[in-house]
Structure formats: structure tokens, C-alpha cells
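> The listed protein sequences correspond, in order, to chains C and V.
Numbering of the first sequence is given in my numbering, commencing with residue -6 and proceeding in unit increments.
Numbering of the second sequence is given in my numbering, commencing with residue 4 and proceeding in unit increments.
Just so you know, even glycine gets a beta-carbon here, dropped at the ideal spot from N, CA and C.
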Amino acid sequence: MEPKKLIQFRNIVKEFDGQIVLKGVNLDICENEFVTLLGPSGCGKTTLLRILGGFLEATEGQVIFDGQDIAGVPPYKRELNTVFQKYALFPHMNVYQNIAFGLKIKKMSKDVIQQKVMKMLKLIGMEGYEDKNVTLLSGGQQQRVAIARALVNEPKVLLLDEPLGALDLKLRKEMQYELKRIQQEVGITFVYVTHDQEEALTMSDKIVVMKDGEICQVGSPLEIYNEPANRYVANFIGESNILPAVMVEDYKVRFDDITFDCVDHGFRPNEKVDVVIRPEDIDIVEPDKGKLTGEVLSVLFKGVHYEVIVETVPGTTVTVKMHVIGNRDVTSQNGKEKISANDFYVDIEDLDQLDEKEIVARSDAQAWNPETDEYISISHIDCKLEKKLGSYPVTFSTSSGTSVQRTIFVVNQPFVRNEKANEAVMAFNFFKAVDEIKESVALDTDLKTWASAQAWKLTDENESVDISVDYDFDDENIQEGVYNITFSTTGREFKIHTTDYVEEGREVGLTFFPEDIHVMEKMVF
Amino acid sequence: MKKFSQLAIPYIVWAALMILLPLLLIILYAFTKPGNEFIQFSLTLEHFAKFFTDPDFLLVLWRSLVIAFKTTLICGVLGYPVAYFIARSNDRVRNILILAITLPMWINMLVRTYAWIGLLSDGGILQKLLGLLGFGEPKLLYTEGAVLLGMVYNFIPFMILQINTSLCKLDHSLLEASADLGADRFQTFWRVVFPLSLPGVVSGITLVFLPAVSSFFIPKLLGGGQYFLIGNVIENQFITVGEWNFGSAISLIMVMVMMLSMYAVRRLDRSGGREEDRL
């Protein structure tokens, strides 16, 4: 028998001051279900809950509760109760009075109230606490009292707004089991709001993943975990390897230049898709037995399992030389002006773009007054560049005649092509003064700028690729000299959870079953 | 820290000279006979005996307590709804209303009380107005009503501001919780809002009752000679009669009465907050 639909959200839209928080939400919640609204903060999950509780009114749409539209019904007339984020226990009442509040409002007789409250205290395991001051209870105890205060009214639905957010990790785990137990014992619908995916997976019968005021996916924890609808859900729930792929035909998906069998179908031929492979679904085998091969980059022990990172497609690397020189400021004859600049390299193809501004920027040319530290503008740049390889002198000078001469090296800088990973990386040698390196606050970023390091897709030059920087000098105590700096892209890395130890640096094979490849539609933004 | 605490020294000296010393003198005067030499004191309890055996003085004391009680009650009953309304308004309206309530306090209390004499006097605007409305032309000035009016008018801002502060501090989610548990607005008010605002009510009572019970110029100006309160008696003893010792004794009795009444109010608050009909 189909379970009865208790709550139906029909195209709920909510607008706050012109900002749309819910964009037409449709959702059914059945009887006796533990439903979790899951999403990051600002996704509209709490707003949806507050609309159900009656504390907010939807701008558009209907909320149907037990067959009736409850728009306009005030909270105190709704057959549901809420456990608030910060519990909202009444500080002027003790534990007993807090739990009895709703029953007293309903004018029940004293002995009935007594009976019900005692039963609740037993359910939450807090017998003997009835006379305690609620403000002196621990977070977990306040939490339980808040749950009891709501449940004692025997609502059809209990709403819980991130109720475990304020508790520490261990207590939170305990309360997760506790909540699930209570829900099963009282057998009513729980609507639970959280941003914690683990909480959602542990307790729920149904998870509703939300993003930016819309529902991304509704399903059981297993469905959500195994068949995420898109990259966002896969990322939010559990750990995953997500890679771009192409659906060649039904049951055939292609990524990293290899076509794999899979169980998914119904996509257009050659449709671009995303593929998820969960870390625990990948097995590490001998290189010749794997569907993919790669090198073990790192192994981390995580308590029960090892987290292994295997690189199947290496990244692209380029190494440049950093010439570190002493400070070579030039001081004017009257001592009132100082000027400095660096030599620099430029690609012959970029020569056209090298105007005066660009020369100043690339050479870091500056002039200043050593007494007041005020900057002085560089008024004249003298240099004759030809579209030929070689080195050319350049002179920077201020209006009062203080000047410094440096060299521009025009080179034909080759870039590193990596056909397999479909990318290219390029960077230049460069010159820097000791002080400039010591004063850098974000050295990695500065190094990329100084070396003009860049990486892009071979198929599309405008699509840039992230690069990381590697060096082995101590920037605090750097001396004059020449240093190697390596820029590299990430390549393809797989995260694998396994209970068997593997050595770092080993060549391994990776294998997985066709049903472990979960094909998802590309997200449209 | 130590450097900062040294900044308090001027005030401590000031307080000692201007508050502590006079208080000690009052205690000394209250227990000594009049006409002492500078060095020689003769102790006595006769001033206290005189006060407690004379029914006139006791009547004045009783009357002072009653009128202070009435003032406090009226201030509370009128002030609470105003404070509630202010607390529920948005920020802009709230600021304007608070300003409107504090604005008259920028003018000296004595000046404002004089203004009431004009309004209430025979042939004054209020009497004429009542006459036009068909209430006859009742005597307004120099009645108990006039004194009461003057006191409520002067002291009600203290009540409103105190209650407003405690209502503003109230956590909004408690109101939602109450509604969620089935309480309508009225029930939420009596079971949640009011009990939690009691500390504000108590400090409001303190700030109204104390000055009301000892006030002397309001009954003097608006009550004329007809309506004598304990403050006037003390003033008379010092200024007209010249009985400084007796005046000091009455002052000391007043201090005791006020301390007792404040103690009673605080007790009420402590039990009042927790009470809330235990089943």
C-alpha cells in the first residue's frame, strides 16, 4: 500500500525584500517518514520548515496538510510542533513546567498532565530532572527537554531545525541514534533540517537535497549516495571522484581517452556528462590487471581505512630559474631620490603588447623619496626593442634625472604540451631582489605573477587550468643566487578508500565494476 | 587596572564628604538631644518615641505610603502597555517614542510641576474645559488627585523605560515556541512575556516608589497646605521649626521604611519569576 501523503508543498515561492529564497518547491512528505532537508546555509531549507511551522507565509503556492490547505492557519492551531535551533526553552520554568506547557494550554487535568510528562521524561531518559532549572542543564539535556516539550503534545509532525548544531561531535552522534530511536518509538513524521550530510545519511528515510531555493534530488539515503542526480549532490553527499566524461552510446561512457562499460543509458549519443566513482568502489590491483594505471601519490591512515591518492594522468610541469639578486637601488646625487628596477624576460610573440606601462609593471620599476617614502613617478623610459631575439638595454628615469639601466631579454619561450591531459603550461625565468621575496605576503601567488606562469587547455586556449607552485628555498632567509621553481597542473587523481596498505610511489592498477560508474547529467548554471 | 582604579579617588572623596558624612550626622542627630555642645552629646530615643506615639505623624506616614503605592500602581498599569507597544515597534518608531518619553525630563521637574499649577488652578484651562463638557467646575488644584497626577506625571517615564528594556531583551524564539505549543497571543503574553518582564517591572517599581514616598515639593505645590506628606514634615522640622534632631529621626525612620518595602518587592520578584502555577 502506498503510504499516505501527509504534507504536500505545491510550488512554494518565498521572497524576502525582492530576493527569491524558494523558487517553486514541490515536495510530498508521507506519514511516519523521517525526512531530512539537506543543503548548505542559505539554500532555503529553514525557510521551507518555517513556512510549514506557520512562522512565515509563502509568497506563492500551497501547503497542504492532511488534505487541507493550511495557509493562514496560525502556528498555535497547527497540528505540528517544532524543536528550535537554540531550543528556546522558557527560562522562568523548570523542566517539568517546560514540558507541561502545551498540555496546560490545552487545559488538560493535572493528573493527565503529570502522567504524560513523566512518560516523556522516561522517553528522553531524564527521570528525576523535573524540578531542575533549564538554564543550568547541559546542551544535550536542554535538547532532550526541547524534544519532549514538543512530543508531549502528540503532534502528527515534528519539525526539527538543525537541533544538533550546538552540540559537540560525540554528543551529536549519540543524539542522532537517540532521535532515530524516538522517531521509531513514537511513530510520527519527523521533518529534519541540517547541513550535515552524515547526519542526513544516518537518520533519514528520505533525503531532500536543496540548493539555492530549489530541490536537486529527493530519495532514500542509498539512492542519493549511489545515484546522485548531478555533480552538486555527489559532492555534497559523501566523498567522490567526479570527472567530466562523454556518453558515447547507451552503456558506454568515455573519460580520459578510455571507453568503459557502464549500466547507465538514456543519454543522447556523445552527450557531455559527469561521472562519479565512489572512493570505496575502486580496487587497487597489479598494474597489468587494472582498467587504469597510475602512481600512488599519497597514503593517509583514516582510522578504519587508508585514503590513497593515485595519479592516473600525470600533470604538466615546467621549471624556471629565479635569479635572486641583491638590492641595486640607485640613489640620486643629492640623496633625495631612489630608483630601482629588475631585468626581465619577454616572449618574442608578446613584444607587440609591451608598451611603457607593461615595461614598468614587468620590471617592477619604482622611484621614491627615501626620507618621506613617497612615490615619485617614472617620467621617462628609454629603450629600443626589435622583433629579434637578444637582450636590449632599457633606462628608467624620473623628471629630476635620476635613472637606472636594466636589460630586457627577448626570448622564444617554448611551452610544455601535454597531449594526454589536453593542456599546456608556460612560465618565464625572472629576476627578483632579496627584499621583494622577503616582503611577499602571498608568495605562491606572487611567484606565479613574477614568472607569468599560465596553463590552458589545448583544445580551447581561453580555458585556463589551475597550477600549483613548488620550490625548495626558505623565503625568510633567502640569499642571492639562482633557484628552481616548478609550476605544475594537477592531472587526474583518484581518491580510493581501501583497508590494504600500499606504498607511496608505486605503480598500481585501478579497477571497478560497470555499476560503480554513476553517470550524471551535466549541471546547467 | 591599578592606574584606572586611582581615577575613582576624587569621587570617593566627594562621596565621603557629601553623602557619607551627612548621613552619619543624621544618625548622630537622631539619637541625641537638641542643644548639644560641640564635644558633649547626650544620647536619647525620645525623638522616635515622639514620632511613634503621635497619631498625627503616623497618619502622615501612612498617607505617604498609600499615595506612593497608588502612584506606583497607576504608573505600572499605564506604563506597561506603553512599554509593550514601544518594544514591539520597529527601530525607527521605537527611537522616536523613547525620545518623546525622555524629552520632558530635560526640563527641570520643579518647572514642570509649576506648569501644572497653572493648568489645574481655579479658572484654569482644565476646569473650564470640564465645565464646558458638563462636569460642573470641580476644584482641581490642592486635592489628593492633583498630587497623584503630579507624581504619576513625573515618575512614569522611569517605569516605562525599565519595562521596555526588559521586554526588548526578550528572545523572540520564545514567543515562537509558545505559539508552536498552542498558546494564542493572550496566553503567550501571560505565561511567557509577562513573567519574563518582571525584573523590569521590579526595577520600575523601585524607581517610582522611592521618590514618590519621600517627595515633598509635589505635595507642597499641587497639594497646597491641605495635603501634607512625610517629606513635608521633614522639611518643616528642618526649615520652619528648627528641630534638626527630630527631623533627622524621621528621616531615619523613612530610610528604614523604604528599605523594608524594597526588600519585600525583591522577595516578590524572586518568587514571582519562578512561581507560575506549579502543578
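#1: In its own chain, which residues sit with a C-beta less than 6 Å from the C-beta of Phe120 (chain C), not counting the 5 before and 5 after it?
#2: When DSSP labels each residue in this structure, what does Val434 (chain C) get in the three-state scheme?
#3: Using 8 Å for Cβ pairs, my map puts Leu123 (chain V) next to Leu143 (chain V). What's the rounded Cβ distance?
#4: Counting beta carbon pairs with one atom in the region 147 to 160 of chain V and one in the region 217 to 235 of chain V, are three or more of them shorter than 8 Å?
#5: With distances taken from CA atoms, which of C:Ile270, C:Pro237, C:Lys284, C:Pro280 is nearest Asn263 (chain C)?
#6: What distance in whole Å lies between the Cβ atoms of Lys284 (chain C) and Thr504 (chain C), which are believed to be in contact at a cut-off of 8 Å?
#7: Please determine, among V:Asp94, V:Ser200, V:Pro84, V:Gly227, the residue with the shortest C-alpha to C-alpha distance to Gly148 (chain V).
#8: Between Gly180 (chain C) and the rest of its own chain, which residues show a CB-CB distance below 6 Å, the 5 nearest in sequence each way excluded?
#9: Quick one: is Ile128 (chain V) buried, meaning 16 or more other Cβ sit within 10 Å of its Cβ, or exposed?
#10: Less than 7 Å between C-beta atoms, sequence neighbours within five positions excluded: which residues of the same chain meet that for Thr52 (chain C)?
#11: Starting from Arg142 (chain C), find everything on chain V with Cβ-Cβ shorter than 9 Å and list it in chain order.
#12: Can you have a look at Ile104 (chain V) and say buried or exposed, based on whether 16 or more other CB atoms are within 10 angstroms of its CB?
#13: Just mark Tyr89 (chain C) as buried or exposed, buried being the case when its beta carbon has 16 or more other beta carbons within 10 Å.
#14: Mind checking who Glu304 (chain C) pairs with in its DSSP beta bridge?
#15: Might you give, ordered along the chain, the residues of its own chain that have their beta carbon closer than 7 Å to the beta carbon of Lys204 (chain C), omitting 5 neighbours on each side?
#16: Give me the Cα-Cα distance between Tyr494 (chain C) and Lys488 (chain C), rounded to the nearest whole angstrom.
#17: Just to confirm the assignment: which complete alpha helix (DSSP H) runs, minimum length 4, are found wholly within the region 123 to 173 of chain V?
#18: Just the C-alpha distance for Met240 (chain C) and Phe253 (chain C), rounded to the nearest angstrom, thanks.
#19: Using the rule of at least 16 other Cβ atoms within 10 Å of the residue's Cβ for burial, across every protein chain shown, is Ser356 (chain C) buried or exposed?
#20: What are the residues in the region 136 to 163 of chain C lying within 8 Å of chain A by C-beta distance?
#21: Please look up how many angstroms separate the CB atoms of Cys255 (chain C) and Val512 (chain C), rounded, as I've assumed it's under 8 Å.
#22: From the DSSP secondary-structure annotation, give me the bridge partner or partners of Tyr464 (chain C).
#23: Among C:Val339, C:Ile430, C:Trp361, C:Ser433, which residue has its Cα nearest to the Cα of Asn405 (chain C)?
#24: Quick one: give me the first and last residue of the beta strand (DSSP E) that Tyr218 (chain C) is part of.
#25: Taking only the alpha-carbon atoms, compute the straight-line gap between Gln190 (chain C) and Ile230 (chain C) and give it to the nearest angstrom.
#26: At a Cβ cut of 9 Å, what residues of the region 69 to 93 of chain C count as close to chain V, listed as they run along the chain?
#27: Going along chain V, which residues have a C-beta under 7 Å from Gly46 (chain C)?
#28: Since Ile29 (chain V) and Leu255 (chain V) should fall inside the 8 Å C-beta cutoff, what is the C-beta to C-beta distance between them, to a whole number of angstroms?
#29: I want to verify the contact list: residues of chain C whose CB lies under 7 Å from the CB of Gln190 (chain V), in sequence order.
#30: Looking only at C-alpha atoms, which of C:Val246, C:Val303, C:Thr400, C:Lys314 sits nearest to Glu508 (chain C)?
#31: Run the CB neighbour count on Glu496 (chain C), radius 10 Å, all protein chains shown included, and call it buried at 16 or more, exposed below.
#32: Along chain V, in chain order, which residues have C-beta atoms closer than 7 Å to that of Gly54 (chain C)?
#33: In whole angstroms, give me the CA-to-CA distance for Phe544 (chain C) and Tyr476 (chain C).
#34: From Gly60 (chain C) to Ala81 (chain C), what does the alpha carbon distance come to, in whole angstroms?
#35: Comparing the CB of Gly132 (chain C) with every heavy atom of the ligand MN, is any distance shorter than 7 Å?
#36: Given that Gly176 (chain V) touches chain C, what residues does it touch there, using C-beta distances under 7 Å?
This is what the structure holds:
#1: Here residue 120 (chain C) is Glu; the residue named in the question, Phe, does not match the sequence. Only Leu114 meet the Cβ criterion.
#2: coil
#3: 4 Å
#4: yes
#5: C:Pro237
#6: 5 Å
#7: V:Gly227
#8: Asn25
#9: exposed
#10: Val6, Lys7, Glu8
#11: Ala180, Leu184
#12: buried
#13: buried
#14: C:Glu288, C:Glu486
#15: Gly32, Cys36, Tyr225
#16: 14 Å
#17: 128 to 135, 147 to 171
#18: 10 Å
#19: buried
#20: This model lacks chain A altogether, as its protein chains are C and V.
#21: 6 Å
#22: C:Ile478
#23: C:Val339
#24: Per DSSP, Tyr218 (chain C) belongs to no beta strand (DSSP E); it is in the alpha helix (DSSP H), 214 to 219.
#25: 6 Å
#26: Tyr69, Lys70, Arg71, Leu73, Asn74, Thr75, Phe77, Gln78, Lys79, Tyr80, Ala81, Leu82, Phe83, Pro84, His85, Met86, Asn87, Tyr89, Gln90, Ala93
#27: Asp183
#28: 6 Å
#29: Ile98
#30: C:Val246
#31: exposed
#32: In chain order: nothing, as chain V lies at least about 22 Å away.
#33: For chain C, the structure presents residues -6 to 518; residue 544 (chain C) sits outside this window and is missing.
#34: 30 Å
#35: The ligand MN is not part of the structure shown, which contains no ligands of any sort.
#36: Sequence inspection shows Ser at residue 176 (chain V); the Gly mentioned does not correspond to that position. Result: Phe77, Lys79, Ala81.
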